[in-house]
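Participant:
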Amino acid sequence: MFNLVLFGPPGSGKGTQSENIVKTYQLQHISTGDLLRDEVARHTPLGVEAQKYMDQGILVPDEVVIGMISSKIDETPDARGFVFDGFPRTRAQAEALDKLLEFKNTKIDLVLALDVSETELIKRLVGRGLTSGRSDDNEEVITKRIKEYRSKTEPVASYYDAYGKLETVMGNHPVDETFKLLAKNINKYIL
Ligand code: B4P
């Protein structure tokens with residue numbers, strides 16, 4: 001099994017690159033953002049609760065997200081591995097993920113962190129907001145999401161760095177070029 005965390009600020013290309021990675025390496029994609037948006041669209045109790053946080057650009061409580069991830073991992077017992085996109089976003093989530101994987105006799109093999117300038121992040125997300133219909137893709141909420149990332153999520157990188165699992169990749173390039181850089185790192189582990 002090969003398990004990868006794709007790490008980075010909002011708009012850094014996590015969702016975009018996850019799609020390329022799962023296709024190329026036949027891994028299972030788990031995006032907490034997508035799972036939460038699906039709950040919101042179906043008006044489930046979890047979705048109604050999560051929307052309050054997402055609309056403000058703040059993180060959904062850890063226990064909600066961790067429970068969701070746990071069920072999702074259990075849904076695909078035969079997966080060759082997982083790409084975790086947008087998860088973990090706090091140290092508590094990182095520790096919970098380690099425990100969930102340990103229970104399945106596996107672990108996180110690699111964390112790829114996308115590094116993108118703040119100007120570019122805002123440009124991409126405002127651009128997506130023109131067509132995405134996402135209530136959090138407007139400049140006020142985007143600024144809040146980036147602030148939330150800097151204070152709660154960025155410190156999680158050092159958790160993985162301490163285990164020697166972290167590689168940083170420049171994500172300012174066009175999609176294909178960034179993918180080549182990511183793939184170069186993945187190939188060191190998978191091939
Ligand atoms: P997410 O859905 O994870 O949203 P995101 O961080 O903004 O990144 P996303 O993957 O969508 O965008 P991407 O960079 O690919 O989270 C949304 C909200 O859900 C959070 O604010 C939070 O409230 C909640 N949430 C999710 N996970 C949580 C967790 N674990 N704990 C607590 N709360 C959680 O792409 C952005 C844009 O850039 C796209 O338009 C794309 O086309 C473009 N783009 C990508 N790469 C590009 C490139 N190389 N060049 C040009 N444009 C590019």
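FYI, the numbering for the sequence shown is 1 to 191, going by UniProt numbering. For each residue, glycine too, the CB sits at the ideal point set by N, CA and C. These figures come from a predicted structure and were not determined experimentally.
What residues are listed by DSSP as bridge partners for residue 193?
Facilitator: Given a span of 1 to 191 for the chain in the structure shown, any question on residue 193 remains unanswerable.
Participant: So what's Ile186 in DSSP terms, helix, strand or just coil?
Facilitator: helix
Participant: Which residue from Ser12, Val5 and Lys107 puts its Cα closest to that of Ile30?
Facilitator: Val5
Participant: Could you compute how far the alpha carbon of Arg91 sits from the alpha carbon of Ala157?
Facilitator: Rounded to whole angstroms, Arg91 to Ala157 spans 9 Å at the Cα level.
Participant: Looking at the secondary structure, which residues open and close the alpha helix (DSSP H) in which Val48 lies?
Facilitator: Pro45 to Met54
Participant: Using the DSSP secondary-structure output, state which residues sit across from Asp85 in a beta bridge.
Facilitator: Leu6 and Ser31
Participant: Cβ of residue 213 within 7 Å of Cβ of Arg89?
Facilitator: The shown model of the chain, from 1 to 191, leaves out residue 213, and the question about it has no answer.
Participant: Please confirm whether any heavy atom of the ligand B4P lies closer than 6 Å to the CB of Leu36.
Facilitator: yes
Participant: The ligand B4P and Tyr25: does the residue's C-beta get closer than 6 Å to at least one heavy atom of that ligand?
Facilitator: no
Participant: Give the single residue among Arg80, Glu49 and Asp78 whose Cα lies nearest to the Cα of residue 197.
Facilitator: Outside the shown range of the chain, which is 1 to 191, sits residue 197, and nothing can be said about it.
Participant: Taking three-plus beta-carbon pairs below 8 Å as touching, is the region 71-89 in contact with the region 12-22?
Facilitator: Pairwise C-beta distances place the region 71-89 in contact with the region 12-22, as three or more of them are shorter than 8 Å.
Participant: Do you know how far the Cα of Ile58 is from the Cα of Gly67?
Facilitator: 18 Å
Participant: Got a sec? Which residues, its chain only, sit under 8 Å from Val175 by beta carbon, not counting five neighbours each side?
Facilitator: Gly13, Thr16, Gln17 and Asn20
Participant: Compute every distance between the C-beta of Pro155 and the non-hydrogen atoms of the ligand B4P, then say whether any falls below 6 Å.
Facilitator: no
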